[in-house]
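Have a look at the structure below before the remarks.
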Amino acid sequence: MRNNQYVDFYIQVRETIRQHSCTVMNARREEAFRVFSANGFPSIKTERYKYTDVAQDFAPDYGIRLSADNAAHTEYCRPLSEADMDTEPYYNRIADTDDSIVALNTMLAVDALFIHVPRNTKARHPIQINNILKGQQDTMSNRRILIIMEEGAEADVIITDHAADQQHFLTNQVIEAYCGDNSRLNLYEIEETNLMCTRYSNVFIHEGRDCSVRHTVLTLFNGHTRNACRVRMAGENSATILNGCVIADKMQRVDNNTLIEHMVPGCSSQELYKYVLDDSATGAFAGKILVHKGAQKTSSAMTNANLCATRQTRMFTQPVLEIYADDVKCSHGSTVGQLNDQALFYMRQRGISLHEARLLLKAAFITEVIETIPLEALRDRLRLVVDKRMRGELSKCEGCRLC
Amino acid sequence: MEDVAREFVNKDYEYGFHTDVHTEIIAKGLDENVVRLISEKKGEPEWLLEFRLDAFRYWQTQEPPSWAHLDMPEIDYQDISYYADPTSGKKDGKDGAKEIDPELMKTFDKLGIPLEERMALAGVAVDAVMDSVSVKTTFQEKLRENGIIFCSISEAVRNHPDLVRKYLGSVVPYRDNYFAALNSAVFSDGSFVYIPKGVRCPMELSTYFRINAMGTGQFERTLIICDDDAYVSYLEGCTAPMRDENQLHAAIVEIVVMDRAEVKYSTVQNWYPGDKDGKGGVLNLVTKRGHLRGVDSRLSWTQVETGSAITWKYPSCILSGDGAQAEFYSVAVTNNRQQADTGTKMIHIGKNTKSTIISKGISAGKSQNSYRGLVKVAADADGARNYSSCDSLLLGSTCGAHTFPYMDIHNDTAIVEHEATTSKISEEQLFYCRQRGISTEDAVSLIVNGYAKDVINKLPMEFAVEAQKLLGVSLEGSVG
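Residue numbers (the working numbering), protein chains in the order written: chain A, 1 to 403; chain B, 1 to 480.
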């Protein structure tokens, strides 16, 4: 049992963690420990973890930091221990407490980042959180973010992952976001790490009425990644957009798992996930739209398109619809294929080399996701990064001055 | 088409009668002795008994599957009788063939199954199976002239043991799944078809299954072998009496398709679906699989699923011959408290293989209807091509329609497409029909028939008419 190392570790350091952490987080810690020690890591027999070998990813002996992260204080962003409101009714409430990976985070996270946008406030600038993985030994970090968007609040949140050192880093991230009535949240996650990094991310979003939520997850360079996003639409007339793109080659693995729950009538959701796989990369997409009984007038569309460039690539896709209401319009489409021969031929006729033509087509394929991003500056930057990535010039993070 | 629907719209399950015929039923319960007894009653050779016993021992180590989107009642396997023989009342005739009880003949006449040669005009050879025994197989002589073997599997074990031994369990091994293991241990009758090289079967072959006896299950086993360049179209139909208890039907169908051969397999499944409150009905837990071994071989599954309280059925294709083509067309209708979890698997192994999946689900009442499918392209399956489309239609706000498609692609030259939609009947279409004086119920029937047309058109003529009628009956009372 590989989860034993985490159980033993927690028993040893339980008191240290409690001392460094805050009451709100400590209150949920023991319960999470019970869940984790009872369930252990999910095996590939668990439907939601079918495409990811969790136990293997968590098997190495990682160092775990037990002091709080030195997060900056800004207008809307501070450590949870210094929260400007009572966060007890929010912390670890919408997260799936039965999920072992989430439980492991709840059990080991020392501090959380708290983003709070008050009522009818619009954050003028995007809130950017850069996570830079540094260290001289293999490290696991348990990152926790709590976002509260009050009624009518608006914000763009950009979370980036970079690795500065060539070490094995394991990130276990849990984000909980509450979106009050009539709020707008654009959440971007951009991963540009290295082949030795493993990332587990669980995002939980709860929406009130008339909300607009957009979650975009871009995996540009990674080792092993599993991103899960679960959206619960509990208020009428809300709209959710989940987009994602993946560029993977070598031995990279990316697994995106989404669940959108339509609990009430009149909401809409859209999903678009695109993968470009090369070398021996493995991609997986498991999306599910669940329309509860009575959630009439739901409109939902899920699209997953994938490009496989070599014989060694593997692509698993599983777009699921589960519908218990009759007056709905739901659709999903999924394709796995190659670059269009005619388009390649067209470009070659015009003197563009095969290599360049392939790059152009791949970039165009991915661009469909990038173009949906409303932030112009981010969009421009991502176009550049994607182009560099396709050309193999993005082996480590771009633009940071650490290395 | 609406005439057809109107004609049947006020009918309940019309095959719910019971035939009073002397039936020999063995005691309820399942252990090794029961398996031995079944084997003994059928006068089976030693190797088949061993096959059954191996399957039984394996079954005992397994748990029933729980992954399907079904709320399945717990089945007490010791409360079922595993062998019922309605032909036991008659002594063997001179030529070794059993004479048929007139009551049995009446039953099949009532069901509209032509057992007599006078029905030659129908042009269909029938193997009629009631409970655990094949009652009669027609047109055997005529088929034999072409070298075609069409008989019950028990007869095949006696007369063609080499063929049966070679192919039995080669497509669905007894370790395949829980219900396949159970079937392999206790299977009773089913049909055996062998089409020799280069022969185009001159008539449609058909098997009709009926559960009659109480407290029994039916465990039929069908094996179809289509040799090089041969062709056969095979039909399967089924009914059962109305009973308050759940009856178990766990069948296996194995199809082997050789070089350039073609098999068409059509099913109209109309087991008793239980009453409006979900009481009784047949639990239809079936493993069907075709192995396309030959180059350019073809197999097409067409199914219309209207009956059964629970359907757990995934007719699949293993495309291992280069250039093999497989098709799956399905209409699944659920009403009241019926549950269906059905779909297909297309496993591409050979090069330039092609598969098509068209699935139409219609759910009404308080039913749950799921499509579950897998498209797998192996690393060597260059040029594999798949197109899947599964649509669901919802009639009423208390039913559910679900889609669980899986795609595992291990090859860069594969092109796999999947699309699915779920919606209700368009108000505009209904309004259009109503404007023209068509009642709501007829309009729904009309629209549903149009929706299912892609699949129904693939059925042989006689079946298509029956299927259309069934759609009307199954959806009766679901509108408004």
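Cβ coordinates follow ideal geometry from the N, Cα and C atoms, glycine included. Here the structure is a predicted model, which is why all the values come from computation and not from measurement.
Residue i: which of the options sits nearest, CA to CA?
| i | options | result |
| --- | --- | --- |
| B/E204 | B/G323, B/V126, B/Y58, B/F17 | B/V126 |
| A/R391 | A/R358, A/G283, A/Y76 | A/R358 |
| B/A261 | B/D322, B/Q140, B/N246 | B/D322 |
| A/T298 | A/T87, A/P265, A/E356, A/Y10 | A/P265 |
| A/I132 | A/A163, A/P118, A/P319 | A/A163 |
| A/H73 | A/A103, A/R93, A/H116, A/F58 | A/H116 |
| A/H125 | A/E75, A/N237, A/H168 | A/E75 |
| A/A286 | A/D279, A/H20, A/V254 | A/V254 |
| B/T222 | B/I447, B/T344, B/V129, B/T334 | B/V129 |
| A/L360 | A/R48, A/N222, A/V217, A/F345 | A/F345 |
| B/Q269 | B/V164, B/W301, B/D296 | B/W301 |
| A/T160 | A/F221, A/T97, A/V110 | A/F221 |
| A/V157 | A/P374, A/L384, A/N172, A/V386 | A/P374 |
| B/S39 | B/V172, B/S188, B/R293 | B/S188 |
Could you check how far apart the C-beta atoms of residue i and residue j are, in whole angstroms? I think they sit under 8 Å.
| i | j | result |
| --- | --- | --- |
| B/C201 | B/I148 | 6 Å |
| B/Y231 | B/I224 | Rounded, the Cβ-Cβ distance is 12 Å, inconsistent with contact. |
| B/A156 | B/F209 | In fact, because the Cβ distance is near 17 Å, the residues do not count as touching under 8 Å. |
| A/L113 | A/P79 | 7 Å |
| B/F404 | B/R372 | 4 Å |
| B/Q78 | B/Y178 | 16 Å between Cβ atoms; not a contact. |
| B/I362 | B/V448 | 6 Å |
| A/L146 | A/T193 | Actually they do not touch by this definition, with Cβ atoms about 23 Å apart. |
| B/A414 | A/V276 | Between A/V276 and B/A414 the Cβ distance is about 16 Å, and since that is not below 8 Å, they are no contact. |
| A/Q137 | A/G63 | 5 Å |
| B/L319 | B/V263 | With 8 Å as the limit, B/L319 and B/V263 do not qualify as a contact, their Cβ atoms being about 13 Å apart. |
Give me the chain B residues within the contact set of residue i, using Cβ-Cβ distance strictly less than 8 Å, ordered along the chain.
| i | result |
| --- | --- |
| A/M85 | Those do not exist, as A/M85 stays about 40 Å from chain B at its closest Cβ, beyond 8 Å. |
| A/D326 | L394, L395, G396, S397, C399, K424 |
At a cut-off of 6 Å, would you count residue i as near the ligand PLP, judging by its Cβ distance to the nearest heavy atom?
| i | result |
| --- | --- |
| B/S367 | Among the components modelled here there is no ligand, and therefore nothing to report on the ligand PLP. |
Rounded to the nearest angstrom, what separates residue i and residue j at their Cα positions?
| i | j | result |
| --- | --- | --- |
| B/H18 | B/N212 | 6 Å |
| B/A467 | B/I438 | 22 Å |
| A/G180 | B/K360 | 39 Å |
| B/D54 | A/A364 | 57 Å |
| B/K94 | B/D275 | Note on B/K94: pLDDT 39, under 50, position unreliable in the model; the coordinate value appears next. Roughly 45 Å separates the two Cα atoms. |
| B/E427 | A/V328 | 12 Å |
| B/T353 | B/S367 | 36 Å |
| B/K313 | B/F56 | 21 Å |
| A/T16 | A/E189 | 31 Å |
| B/V4 | B/K469 | The pLDDT assigned to B/V4 is 39, lower than 50, so where the model puts this residue is not dependable; a value taken from the coordinates is nonetheless given after this. About 6 Å. |
| A/V102 | B/I409 | 30 Å |
| A/Y178 | A/S100 | 22 Å |
| A/F58 | B/Y406 | 27 Å |
| B/L182 | B/G217 | 11 Å |
| B/F219 | A/F33 | 48 Å |
| B/S316 | B/G280 | 28 Å |
| A/V7 | A/S43 | 17 Å |
| A/N120 | A/I241 | 22 Å |
| A/D279 | A/N142 | 31 Å |
| A/L378 | B/A378 | 39 Å |
| B/H402 | A/M347 | 42 Å |
| A/A27 | A/L108 | 13 Å |
| B/G43 | B/R158 | 8 Å |
| A/E356 | A/T23 | 56 Å |
| B/A497 | B/A185 | Missing from the structure shown is residue 497 of chain B; chain B here goes from 1 to 480 and no further. |
Mind pulling the chain A residues with CB within less than 7 Å of residue i?
| i | result |
| --- | --- |
| B/A379 | R311 |
Quick one: list the residues of chain B neighbouring residue i, beta-carbon separation under 7 Å, in chain order.
| i | result |
| --- | --- |
| A/K388 | The premise fails here: A/K388 is roughly 24 Å from chain B at the closest Cβ pair, so nothing lies under 7 Å. |
| A/K329 | S423 |
For residue i, which residues in chain B fall below 9 Å Cβ to Cβ?
| i | result |
| --- | --- |
| A/K250 | Chain B residues near A/K250: none, gap ~16 Å exceeds 9 Å. |
Using a Cβ-Cβ cut-off of less than 7 Å, list which residues of the segment 299–324 of chain A approach chain B; keep chain order.
Here the close residues are C308, A309, T310, R311, T313, R314, M315, F316, T317, Q318, P319, V320, L321, E322, I323, Y324.
May I ask you to list, following chain order, the residues of the segment 332–350 of chain A that have a beta carbon less than 9 Å from some beta carbon of chain B?
Listed by position along the chain: H332, G333, S334, T335, V336, G337, Q338.
Which residues, in order along the segment 255–277 of chain A, keep a beta-carbon less than 9 Å from a beta-carbon of chain B?
Residues passing the 9 Å Cβ filter: L277.
Residues of the segment 402–426 of chain B in Cβ contact with chain A at a cutoff of 8 Å, in chain order, please.
Going along the segment 402–426 of chain B in chain order, one finds H402, T403, F404, P405, Y406, M407, D408, I409, H410, N411, D412, T413, A414, I415, V416, E417, H418, E419, A420, T421, T422, S423, K424 with a Cβ nearer than 8 Å to chain A.
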